[in-house]
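Enquirer: Residue numbers (this note's numbering): 1410 to 1799.
Dumping the structure here so I can ask a few things about it.
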Amino acid sequence: MHIPMSSPDLTGAEIAAVNQVLHTSFLSIGPQIVAFEQAMAAYIGTRFAAGVNSGTSGLHLCVIAAEVEEGDLVVTTPFSFVASANVALYERAIPLFVDVDPKTGNIHPDLAAEAVSDLVRGGSAAQRWLPRGVSSAAVRRVKALMPVHAFGQPADMDPLATLAKQYDLAVIEDACEAIGAEYKGRKAGTLGDAAVFAFYPNKQMTTGEGGMITTNDEDWANLFRSLRNQGRDIFDAWLNHSRLGYNYRLDELSAALGLVQLERIEELLAKRERVADWYNERLAAIEWIERPIIAPATTRMSWFVYVVRIRPPCQRNAVMQRLADAGVPSRPYFSPIHLQSFYQQRFGYRCGDFPATEYLGDVSLALPFSGVMTEAQVDYVCERLQACNV
1410 MHIPMSSPDL TGAEIAAVNQ VLHTSFLSIG PQIVAFEQAM AAYIGTRFAA GVNSGTSGLH
1470 LCVIAAEVEE GDLVVTTPFS FVASANVALY ERAIPLFVDV DPKTGNIHPD LAAEAVSDLV
1530 RGGSAAQRWL PRGVSSAAVR RVKALMPVHA FGQPADMDPL ATLAKQYDLA VIEDACEAIG
1590 AEYKGRKAGT LGDAAVFAFY PNKQMTTGEG GMITTNDEDW ANLFRSLRNQ GRDIFDAWLN
1650 HSRLGYNYRL DELSAALGLV QLERIEELLA KRERVADWYN ERLAAIEWIE RPIIAPATTR
1710 MSWFVYVVRI RPPCQRNAVM QRLADAGVPS RPYFSPIHLQ SFYQQRFGYR CGDFPATEYL
1770 GDVSLALPFS GVMTEAQVDY VCERLQACNV
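Structure, rendered in structure tokens:
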């Protein structure tokens, strides 16, 4: 049985929408991006939304809007896709890692509070949180928090909001994996100063490549639209540019695709939840597999991926190889950012620096997952997985 790692969920409506754009003179900066932004803001519950060409681009623009500068610290976690840390480096700032809650894989709010308090106080207390390659003299200030909603589950945001208010920090939600997720009844995307969603083909909805920033701050929204369009402001004349900007625009074809996907979002999320339920039912009896843990504060999980944990003494990599031999793809999720070669060389990180992240990096395994998976495909994966007790 052929089972892809992931698949987009596309219908004739998406194809028709893209074809319709091809019959117009607007392939970029047209009515589709405006409509997509308006629909996204309405769905999330914010005043504004700004489309961009990737989640990474969106996070970068949020870092700029938060006035993060050289030597500033952006507090985030090493258990994430690498972009959430890289965007701080784009502005010559420093991603300041704190470890995660081992149950959820999201930033541990107590550790974040301890780190920020020590860093603001300075001295030896601050140095213990800094990477080995960074001296406290090189640090300007703690400027922002960037919690990552890992795998579609919101971080514990209330204590982070309290922390941000206490120290006047911007809060940038990395919600790239969490469209539709809810924290205590509130949607991801409304829990910080701005949030970023991503629409890569393996996400809950897709535009091929693309992303969206949501915010209630009108000044930030205007800045996002300027920065994504080479720094042009709304009142700038042709080829006049008010600031340094980027080519981060989302094209009309992608926006049209995204608009139809957003109209189907509840269907798309429900189909993914159904597949997750199938997995949960079938894996419950396998003692050496730990299924995803949903925190009580997560009032709606948005299933981006289905990630299990392989309990020792079973070995994740051996299980992954056995599945591959049986024709079933799987992936380690995530490989810790601080152990990526670039970050080790740049900052001197070592194994043991973030134990919870490293444990999850060693035992987590993403199984094939999408909303178009059939029950028979899930059965096949689970049967092959059950035979992998190594």
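Don't be surprised by glycine CBs; every beta carbon is placed ideally from N, CA and C.
Owing to the predicted nature of the structure, the values given are computational and were not obtained by experimental measurement.
1) Under a three-way DSSP split, which group does P1556 fall into?
2) Hey, R1456 and N1625: beta-carbon distance below 8 Å or not?
3) DSSP three-state label for Y1758, please.
4) I need the straight-line Cα distance from P1540 to S1773, nearest angstrom please.
5) Would A1450 and A1458 be called neighbours here (beta carbons separated by less than 8 Å)?
6) Between which two residues does the alpha helix (DSSP H) containing P1518 stretch?
7) If we call anything under 8 Å between Cβ atoms a contact, is V1557 one with T1513?
8) Using DSSP's beta-bridge definition, name the partner residues of I1695.
9) Using three-state DSSP, classify I1412 as helix, strand or coil.
10) Beta carbon of R1709, beta carbon of Q1613: below 8 Å?
11) Which residue wins for smallest C-alpha separation from A1446, given the options E1672, A1564, C1471, F1763?
12) Any chance the stretch 1634-1652 sits against the stretch 1594-1605, with 3 or more Cβ pairs inside 8 Å?
13) Confirm, please, whether the CB-CB distance from F1778 to S1415 is below 8 Å.
14) Under a Cβ-count criterion, where at least 16 other Cβ atoms within 10 Å of its own Cβ denotes burial, should Q1575 be classed as buried or exposed?
15) I'd like to check one pair, F1743 with S1489: are the Cβ atoms closer than 8 Å?
16) If we ignore side chains and look at the alpha-carbon of each, how far apart do S1526 and E1627 end up?
17) What does DSSP give as the partner residues of Y1715 in its beta bridges?
18) Tell whether a beta-carbon distance below 8 Å holds between G1467 and V1461.
19) If you draw a straight line from the alpha carbon of E1582 to that of N1495, how long is it in whole angstroms?
20) Identify the residues that DSSP records as bridge partners of V1509: which are they?
21) At a Cβ threshold of 8 Å, is P1540 touching chain C?
22) Cβ of Q1562 within 8 Å of Cβ of I1424?
23) If you count every other CB in all the chains shown that lies within 10 Å of the CB of D1481, and 16 or more means buried, which is it?
24) With DSSP as the reference, label G1460 as helix, strand or coil.
25) Determine the extent of the beta strand (DSSP E) in which Q1707 is found, giving its start and end residues.
26) Under the rule that 16 or more other beta-carbon atoms within 10 Å means buried, what is G1589, buried or exposed?
27) Among A1685, A1422, I1719, which one has its Cα closest to the Cα of I1695?
28) Three or more C-beta pairs closer than 8 Å, one from the stretch 1649-1666 and one from the stretch 1425-1442: is that the case here?
29) Using the three-state DSSP reduction, which class does L1482 fall into: helix, strand or coil?
30) Given R1740, which residues of its chain have a CB within under 7 Å of its CB, disregarding the five upstream and five downstream residues?
31) Look at the Cβ atom of A1521, then the Cβ atom of L1470, and state whether they are nearer than 8 Å.
32) Nearest by alpha-carbon distance to D1660: which of D1418, S1434, H1411 is it?
33) Rounded to whole angstroms, what's the CA-CA distance from Y1609 to P1745? Just pull it up for me.
34) The beta strand (DSSP E) spanning E1582 covers which residue range?
35) Please give me, in chain order, every unbroken run of the alpha helix (DSSP H) with length at least 4 that falls completely inside the stretch 1418-1443.
36) If you follow the beta strand (DSSP E) that F1763 is in, where does it begin and where does it stop?
Expert: Walking through what the data contain:
1) Note: P1556 maps to coil in three-state DSSP.
2) Less than 8 Å separates the beta-carbon of R1456 from that of N1625.
3) Reduced to three states, the DSSP call for Y1758 is coil.
4) P1540 and S1773: Cα-Cα distance of roughly 25 Å.
5) Yes, the pair counts as a contact, with Cβ atoms nearer than the cut-off.
6) Element bounds for P1518: 1518-1530.
7) No; because the gap between Cβ atoms is not below 8 Å, this pair is not in contact.
8) DSSP lists no partner for I1695.
9) Residue state, collapsed to three classes: coil.
10) No, Cβ-Cβ distance for R1709 and Q1613 is not below 8 Å.
11) The question names Ala, but residue 1446 is Glu in the sequence shown. It is E1672.
12) With the cut-off at 8 Å, the stretch 1634-1652 and the stretch 1594-1605 do not touch.
13) Yes; because the gap between Cβ atoms is below 8 Å, this pair is in contact.
14) Exposed: under 16 other Cβ atoms inside 10 Å.
15) Yes, Cβ-Cβ distance for S1489 and F1743 is below 8 Å.
16) S1526 and E1627: Cα-Cα distance of roughly 30 Å.
17) Note: Y1715 sits in a beta bridge opposite L1776.
18) Taking C-beta atoms as the reference points, G1467 and V1461 count as a pair closer than 8 Å.
19) Using only the alpha carbons, I get a separation of about 15 Å.
20) Beta bridge pairing from DSSP links V1509 with I1516.
21) No chain C is present in this structure, which holds just one protein chain.
22) For the pair Q1562 and I1424, the CB atoms are not nearer than the 8 Å cut-off.
23) D1481 comes out buried.
24) Reduced to three states, the DSSP call for G1460 is strand.
25) Contrary to the premise, residue 1707 reads as Thr rather than Gln in this sequence. Unbroken beta strand (DSSP E) run through T1707: 1707-1709.
26) With a threshold of 16 other beta carbon atoms within 10 Å, G1589 meets it and is buried.
27) Measuring from the Cα of I1695, the nearest candidate turns out to be I1719.
28) In the pairwise beta carbon analysis, the stretch 1649-1666 is classified as touching the stretch 1425-1442: at least three pairs are separated by under 8 Å.
29) The three-state reading of DSSP puts L1482 in strand, counting E and B together.
30) Excluding sequence neighbours, R1740 sits near M1414, A1775.
31) For A1521 and L1470, no; Cβs fall outside 8 Å.
32) For the residues D1418, S1434, H1411, the minimum Cα distance to D1660 belongs to S1434.
33) Roughly 21 Å between the two C-alpha positions.
34) Segment 1579-1583, the beta strand (DSSP E) holding E1582.
35) Taking only runs of at least 4 residues, the alpha helix (DSSP H) segments lying wholly in the stretch 1418-1443 are 1421-1431.
36) For F1763, no beta strand (DSSP E) segment is defined, and its DSSP state is neither H nor E.
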